[in-house]
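If you read the sequences in order, they're chains A and B. Residue numbering for the first sequence follows the numbering used here, beginning at 1 and increasing consecutively. Residue numbering for the second sequence follows the numbering used here, beginning at 1 and increasing consecutively. We put the beta carbon where it would ideally sit given N, CA and C, even for glycine. See below for the structure under consideration.
There are 2 protein chains.
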Amino acid sequence: MPNLVEICLKKNIKLTNHRKIIAQIISESTDHPDVEELYRKAYFMNPKIGIATVYRAVKMFEDLGLIARHDFLGKGKSRYEVLEDDHHDHLIDITNNQVHEFFNAELENLKTKIAHEMGFELIGHKLELYCKPLKK
Amino acid sequence: MPNLVEICLKKNIKLTNHRKIIAQIISESTDHPDVEELYRKAYFMNPKIGIATVYRAVKMFEDLGLIARHDFLGKGKSRYEVLEDDHHDHLIDITNNQVHEFFNAELENLKTKIAHEMGFELIGHKLELYCKPLKK
DNA sequence: CTACATGCAAAAGATTTGCTTTGCG
DNA sequence: CGCAAAGCAAATCTTTTGCATGTAG
Chain A
1 MPNLVEICLK
11 KNIKLTNHRK
21 IIAQIISEST
31 DHPDVEELYR
41 KAYFMNPKIG
51 IATVYRAVKM
61 FEDLGLIARH
71 DFLGKGKSRY
81 EVLEDDHHDH
91 LIDITNNQVH
101 EFFNAELENL
111 KTKIAHEMGF
121 ELIGHKLELY
131 CKPLKK
Chain B
1 MPNLVEICLK
11 KNIKLTNHRK
21 IIAQIISEST
31 DHPDVEELYR
41 KAYFMNPKIG
51 IATVYRAVKM
61 FEDLGLIARH
71 DFLGKGKSRY
81 EVLEDDHHDH
91 LIDITNNQVH
101 EFFNAELENL
111 KTKIAHEMGF
121 ELIGHKLELY
131 CKPLKK
């Protein structure tokens, strides 16, 4: 489990107290929280934190490439997760909106191969599988 | 090239004049237009068309499963394309934001297989490759 | 006449920004 | 003191909605 605070320390990214709290909350989350949820938890830790600070912090982390922003199902709301060195994709259970992460090497190779065949170098990628549970 | 107007006729979906214009514009587009672009072109065809009608029309077509909505690069703006029976994915050239479509059977099979292995039935999926051109 | 579509403007929801204040070196 | 960060509220941007009007069958 990657800790955003440690990552920032390692990269010499200075964190203010407010940003440290926000980074910690993102790190501890396993459910791809949105800004509202981050704000609620940050507010609980320190009621002096405003929502604009949360927005500015996630934008900063995103620009630094430390977290990823998602908008599962195109609901128009950004949800965040710490970016680790490895890459993973997302499977969304549409019956309960739960997000499952997975990694598949074959898939990663195929992505790169397809891009190459089309004359491109793969920089980033996003794959979301929308599913419902198999009936037994 | 699929024509949304014809698809609607075939499915007994009644189109008003305004919706017919909007459907036609979507069909003729190859560049995944956003609402603003659709509205501009529709307005050119008939200045009595309001932007709310465009929003209502694309929502209707989307709910009917006739068009797909994308938000490439998470810019917060919806862009549309006619949904054909076949499925394709998107490769976005980040140097000029151009969208290239592609289809890869191996990839499609792999998606289904991964979902199954995780205990799910694949309903929908979205894959976007963000790339830059290979240097020669 | 009835039901649905539409225009317009207002509302809503997410995010950004301007400006002033705060806080830490 | 000096500068970045943060709070707050206003602004912005996309999309939705309420309501009165228009239109087709």
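> Apart from the five residues just before and just after Arg69(A), which ones in its own chain have a Cβ nearer than 8 Å to its Cβ?
Replying inline: Val58, Glu62, Ser78, Arg79, Tyr80
> For Phe72(B) versus Asp89(B), is the C-beta distance shorter than 8 Å?
Replying inline: no
> Between which two residues does the beta strand (DSSP E) carrying Leu122(A) extend?
Replying inline: 120 to 133
> Are the Cβ atoms of Val82(A) and Leu4(A) separated by less than 8 Å?
Replying inline: yes
> Residue ranges of each alpha helix (DSSP H) run of no fewer than 4 residues wholly in the region 21 to 51 of chain A, ordered along the chain?
Replying inline: 35 to 45
> Among the residues of its own chain, which have a CB less than 8 Å from the CB of Ile121(A), if the five just before and after it don't count?
Replying inline: In the sequence under discussion, the amino acid at residue 121(A) is Glu, which differs from the Ile named in the question. Same-chain partners within the cutoff: Ala115.
>> 8 Å is my cut-off, CB to CB: does Glu106(B) come that close to chain A?
In response: yes
> At a CB-CB cut-off below 7 Å, which residues of chain A make contact with His87(B)?
Replying inline: The contacting residues do not exist; His87(B) stays about 13 Å from chain A at best.
> Listed in chain order, which residues of the region 101 to 130 of chain A have Cβ atoms closer than 8 Å to some Cβ of chain B?
Replying inline: Phe102, Asn104, Glu106, Leu107, Leu110, Lys111, Ile114, Ala115, His116, Met118, Gly119, Phe120, Glu121, Leu122, Ile123, Gly124, His125, Lys126, Leu127, Glu128, Leu129, Tyr130
>> Between Arg56(A) and the ligand ATP, is there a pair consisting of the residue's CB and a ligand heavy atom that are separated by less than 7 Å?
In response: Only the bare structure without any ligand can be found here, which leaves the ligand ATP out of the picture.
> Got a sec, what are the start and stop residues for the alpha helix (DSSP H) Ile114(A) sits in?
Replying inline: 105 to 117
>> Below 8 Å on C-beta distance, what does Pro33(A) contact in chain B?
In response: None at all; the shortest Cβ gap to chain B is about 16 Å.
> CB-CB under 7 Å to Leu91(B), same chain, minus the five flanking residues each way: which ones, in chain order?
Replying inline: His100, Phe102, Leu129, Cys131
> Going along chain B, which residues have a C-beta under 7 Å from Gly74(A)?
Replying inline: Arg69, Asp71
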